[in-house]
Amino acid sequence: MVQLYNLHPFGSQQVVPCKQEPERFCGGGRDALFVAAGCKVEVFAVDCQGLSQSRCTFSTLGRVLRLAYSEAGDYLVAIEEKNKAKFLRAYVNWRSKKTENSRVCIRMVGHNVEVPFSESFRDQMSILEMPLSENPLSISCCPVKGDLLVGCTNKLVLFTLKYQIISEEFSILDFERSLIIHIDNITPFEISFCVGYVAVMSDLEVLILKLESDPKDGEKVIHHPHKTNNLVKKTEGTSNETLQLESDDFVICQKPMELLGEKSEQCGISVTLEAIGLADENMKYTHVQHLLYRRFAPDISSYVLPDDAKLHSLQLLPIYQTGSFMSEHSSQEKKLLSLFCFFSLPHVGYLYMVVKSVELMSVYQYPEKSQQAVLTPQFLHVITSNNLQCFTVRCSAAAAREEDLYEDTTLKACPPVSMDVCALRIQLFIGLKAICHFKNHVILLTKADSEPTPERRESPKRLLSRKDTSAKLRTSPVAEAAWNLYIVNTISPVQLYKEMIDYSNTYKTVKTQSCIHLLSEAHLLVRAALMDASQLEPEEKAELLEAFKESCGHLGDCYSRLETRYSHLALPYYKMSGLSLAEVLARVDCAVEDGLQKYEKGLIFYINHSLYENLDEELSEELAAKVVRMFHVTEPKQLPHILCTPSMKNINPSIALSYLRKLDTSECSSVLVTLTKASMALKMGDLDLYRNEMNSHSEMNFVRGFSLEPRLLIQQRKGQICPTEFAVYLKETQPGLLVASILGLQKSSHIGIEEADSFFKVLCDKGEGTVPQLLVDFWEARLVACNPHVVHQELFLKLTSQYIWRLSKRQPPDTTPLQTSEDLINACSHYGLIYPWVHVLLSSETLPDKNYAEDLSKLQSLLCSPSFAVASMSLFLESLSDDTVAGLSIHILCHTRLKEYEQCLDMLLERCPEALIPYANHELKDENRTLWWKKLLPELCQRIKCGGEKYQLYLSSLKETLSVVAVELELRDFLSVLPEDGTAAFFLPYLLYCSRKKSLT
4 MVQLYNLHPF GSQQVVPCKQ EPERFCGGGR DALFVAAGCK VEVFAVDCQG LSQSRCTFST
64 LGRVLRLAYS EAGDYLVAIE EKNKAKFLRA YVNWRSKKTE NSRVCIRMVG HNVEVPFSES
124 FRDQMSILEM PLSENPLSIS CCPVKGDLLV GCTNKLVLFT LKYQIISEEF SILDFERSLI
184 IHIDNITPFE ISFCVGYVAV MSDLEVLILK LESDPKDGEK VIHHPHKTNN LVKKTEGTSN
244 ETLQLESDDF VICQKPMELL GEKSEQCGIS VTLEAIGLAD ENMKYTHVQH LLYRRFAPDI
304 SSYVLPDDAK LHSLQLLPIY QTGSFMSEHS SQEKKLLSLF CFFSLPHVGY LYMVVKSVEL
364 MSVYQYPEKS QQAVLTPQFL HVITSNNLQC FTVRCSAAAA REEDLYEDTT LKACPPVSMD
424 VCALRIQLFI GLKAICHFKN HVILLTKADS EPTPERRESP KRLLSRKDTS AKLRTSPVAE
484 AAWNLYIVNT ISPVQLYKEM IDYSNTYKTV KTQSCIHLLS EAHLLVRAAL MDASQLEPEE
544 KAELLEAFKE SCGHLGDCYS RLETRYSHLA LPYYKMSGLS LAEVLARVDC AVEDGLQKYE
604 KGLIFYINHS LYENLDEELS EELAAKVVRM FHVTEPKQLP HILCTPSMKN INPSIALSYL
664 RKLDTSECSS VLVTLTKASM ALKMGDLDLY RNEMNSHSEM NFVRGFSLEP RLLIQQRKGQ
724 ICPTEFAVYL KETQPGLLVA SILGLQKSSH IGIEEADSFF KVLCDKGEGT VPQLLVDFWE
784 ARLVACNPHV VHQELFLKLT SQYIWRLSKR QPPDTTPLQT SEDLINACSH YGLIYPWVHV
844 LLSSETLPDK NYAEDLSKLQ SLLCSPSFAV ASMSLFLESL SDDTVAGLSI HILCHTRLKE
904 YEQCLDMLLE RCPEALIPYA NHELKDENRT LWWKKLLPEL CQRIKCGGEK YQLYLSSLKE
964 TLSVVAVELE LRDFLSVLPE DGTAAFFLPY LLYCSRKKSL T
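Numbering-wise, this note's numbering comes out as the position in the sequence shown, counting from 1, plus 3.
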């Protein structure tokens, strides 16, 4: 369906001062209009105001049948007819043509120009002759690369644009015939070519192909489609039989058909490629991909296929990607983003998207029979016999989705491609004949006479009987009537956008959907203009960006008033508008029903999402109260969550409490409501109310309550973690609840580990590099709560490094630890039982204080845990001296875990012999049992000889050692390990024990 709006996309119009009636014309880039009449082409300079003046004139070989301009290469190409023969010629360097008598260079395409190249020759226009074996029927220039595609009866010929290098400072444009596309069963009366995409159109058929290069098939020059050939043979056979069966009594007509993607290979049209380029690098296309085939059925009610019932205006329209238009520094390099194909019947136009997927985007119904149409990124311009019509297009909406993956999310939105198109204007002109478009100009040819003789296109597939006499051509009128060539200037996108916005106001109170439709049209108009930002001046782009944001705000206003499934679009449109939450709240008018204000779903959805995003914006007390009132009416169960957001910091706590007391706790979590009330009570300074609320639930319930709304404790402002007033108060009064709650948030993935650490550091406000005790409590709680089979080495290192730092600095914790070492050992397998010999070692010396003893016990417990990898502790041990017994115990524990038993024995022999036997009994087992007689026995014997203060300790240790050795070794082995200078009397009891053990066995 096409909606009609009476807007004014057309501004002023100028008459082009042509001397002869134009036969063909086309726009040239930004500033030129080419008009062919007779055997001449006149070039007119056109500025941004549409004013035109003759720039130059040059002669052609004959009457111009087709005319095309390529911005890439800045050349004009024409199909010319002389003496019933057709020629293809390209006009290069035409800007240097000053007068009609200026010299012109004519050369054959592909022929090298001899050196030296004179200065006079450098500045003259060149005409390139392009010989073809068949008459050219149609031409198309690639708008991106400038390559030329020529349509002949049964083939398409591709000329690749290249440059001949004449010298280091100069090169000339040339072409190389690089590819022939053999195409049967369709005559290309119109073609369009764009970066490898080829569209071919006959009277009632359209075929779209994609030329592809495959490195694996690089040696294959000719491609033979697999599925197509058999079908082609069948079709050709059917066609031959059809010709034999034709008679006066039959009219043969094929059914209409639409085939998309791979299915289009079944259309019965044979396509083969023949690479004929001289250079290997030009053989880039090796096979064909079929994208679309569509065939229409003619109206046979008059038994004739009239000329004005055929397809016309085939066009491929590229949309380029130049970086996000919202970016100030977008890339200027053109890259194809999306491609669209348009073609039209007299009363219906079809617009397809053909990149990535092939799909029909829009269908245009014309109120009158169309003559010709031209597609632009912003509009479709169609001419009938007396009207110029302007329709909107959906190219920018489709391209936006190709360019940005965030379209159609909560971040960004774009009007849908499926939205109804609309006609903006129907402008009256008398005798419209032809149209073209370039820049912001629409060129129109009018001729006020009776129907002229059309150029009859003979179809290769005769659809009607040959003997039907009603298919005769009409005779030309004798008298030639007046004609005019107009340049109609389209107004700037911003000006038309403003008119659309004013027009939409008439629908605001009548029908919201109509208002949204027109605002969407305005939005797409601005978006389309911004997608080609490389053509804009900085001031124009800034003005368009402002209009874009404004249009997003208007769309956000519309969707915020909706109660439909599209109401959620208020959120992305408001985001794209750049409006703050306060600005949105100020511009929204809420309806009143039955004396109560009604807040629509779209607005509530936007506010709710915005508040959940931790905006840095703080609402005023008045706006915060307004938000609370809105949610109390629409979504009361969201009130606790809304009140905890940073944006609601300025809410009056007494007002918040009054609404919280009205909540039905059966619908809301009662513990969450309680915590929110407690938070408001703290803001008011009412500690009695706070205590009453905090005494109403158990600690575990409060932990679950904080998990429902983490922002009661943690908020983010400008990307930084900020503890709330509630968290600060809990730190002083209930630190255990605070640690348990943060642990619950971390385990439920509401916050990350680094965020939790940062929270405690900010909360305790300690100096840089200082770890507060509350953070250590959190680490210990994490270790207790984690799965016993999961090893957190990073957490182990954090705790051990902190324990060692405190022990080495004799630094007590800043607050009382929440758990003792005994609590941790009993609650967690990661805190191991301390080895017995460690207690013997520590009994020899008094520890400084209780805090020191607790940190030492926790560290020793971690080192005794099998979960902890001690090898990573070597760096931390350097800061802890082994001069004290506490330090010595840690060093010996680490060496023991590393299985460095001999070093540990040496340390104990030297520093603490009383712990030697307990250590050996605990550690020297299994494969380490030999150390009893290989290491311990000789060392003790040697130290006893030296005497000294520790003689008795060494002696008692030796006796214990001998008892173990005597049990473990045979008599002969025992004798071999005894010292050679020892007295037999001392060892006699152990010798007797060994011999008695031998006799018993």
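Yeah, the Cβ is synthetic: ideal placement off N, Cα and C, and Gly gets one too.
Asked, Found
"Give the secondary structure of L940 by DSSP, where H, G and I count as helix, E and B as strand, and everything else as coil.", "helix"
"Taking the straight line between their C-alpha atoms, what separation do you get for F551 and R590?", "18 Å"
"Put D177 into one of helix, strand or coil per three-state DSSP.", "strand"
"With distances taken between CB atoms, is the gap from A93 to L140 smaller than 8 Å?", "no"
"Quick one: residues in its chain with C-beta nearer than 6 Å to the C-beta of T379, no 5 flanking neighbours on either side, listed in chain order?", "H440"
"So what's N1007 in DSSP terms, helix, strand or just coil?", "Beyond the ends of the chain as shown, which are 4 and 1004, falls residue 1007; an answer cannot be given."
"Since L276 is in the alpha helix (DSSP H), which residue starts that stretch and which ends it?", "Not the alpha helix (DSSP H): L276 falls in the beta strand (DSSP E), residues 274 to 278."
"Under the three-state reduction of DSSP, which class applies to S347: helix, strand or coil?", "strand"
"Is the region 404 to 415 touching the region 575 to 589, taking contact as three or more C-beta pairs under 8 Å?", "yes"
"Using only the alpha-carbon positions, how far apart do L528 and Y500 sit?", "7 Å"
"Excluding the five sequence neighbours on either side, which residues of its own chain have a C-beta within less than 6 Å of the C-beta of T231, listed in chain order?", "Low confidence applies here, because T231 scores a pLDDT of 39, under 50, leaving its location unreliable and the question unanswered by this model."
"Using CA atoms only, rank isn't needed, just tell me which of S365, L319, E406, A402 is closest to V377.", "L319"
"Of the residues V18, D760, P941, which one's Cα is nearest the Cα of N487?", "V18"
"Report all residues from its chain with a CB closer than 7 Å to the CB of L1; omit the five preceding and five following residues, and keep chain order.", "Lying before the first or after the last residue shown, residue 1 is absent from the chain, which here runs from 4 to 1004."
"Use the C-beta contact count for L152: other C-beta atoms within 10 angstroms, 16 or more gives buried, fewer gives exposed.", "buried"
"Alpha carbon to alpha carbon, how far is K100 from K89? Give it in angstroms, no decimals.", "25 Å"
"Report yes if the CB atom of V491 is closer than 8 Å to the CB atom of F13, and no otherwise.", "yes"
"Using a Cβ-Cβ cut-off of 6 Å (strictly less than) and excluding sequence neighbours within five positions of C725, which residues of its own chain qualify?", "Q718"
"Less than 8 Å separating the beta-carbons of L207 and F299?", "yes"
"Who are the near neighbours of A202 in its chain, counting only those whose CB is closer than 6 Å to its CB and skipping five residues on each side?", "S195, I211, L317, L319, C344"
"Nearest-angstrom Cα distance between C29 and I322?", "21 Å"
"DSSP puts Q368 in a beta bridge; with which residues?", "V351"
"Name the one or two DSSP bridge partners that W486 has.", "K450"
"For the pair the region 762 to 773 and the region 793 to 807, tell me if three or more CB-CB distances fall below 8 Å.", "no"
"Using CA atoms only, rank isn't needed, just tell me which of K266, S421, H444 is closest to D34.", "H444"
"With respect to the alpha helix (DSSP H) encompassing P738, which residues constitute its N-terminal and C-terminal limits?", "738 to 750"
"Could you tell me which of R66, T289, G31 sits nearest to D50, measuring between CA atoms?", "G31"
"Looking only at its chain, what residues have a beta carbon closer than 6 Å to the beta carbon of L866, apart from the 5 residues adjacent to it on each side?", "L896"
"Whole angstroms are fine: how far does the CA of N617 sit from the CA of K721?", "9 Å"
"In or out: L363 buried (at least 16 other Cβ within 10 Å) or exposed?", "exposed"
"Expressed to the nearest angstrom, what Euclidean distance is found between the alpha-carbon atoms of K962 and V970?", "13 Å"
"Let me check understanding here. Comparing Cα to Cα, which of E84, E624, L690, I920 lies closest to I654?", "E624"
"Can you tell me which of the three DSSP states K652 falls into?", "coil"
"Select from V497, T679, G271 the residue whose C-alpha is nearest the C-alpha of E728.", "T679"
"Are the Cβ atoms of R530 and S673 separated by less than 8 Å?", "no"
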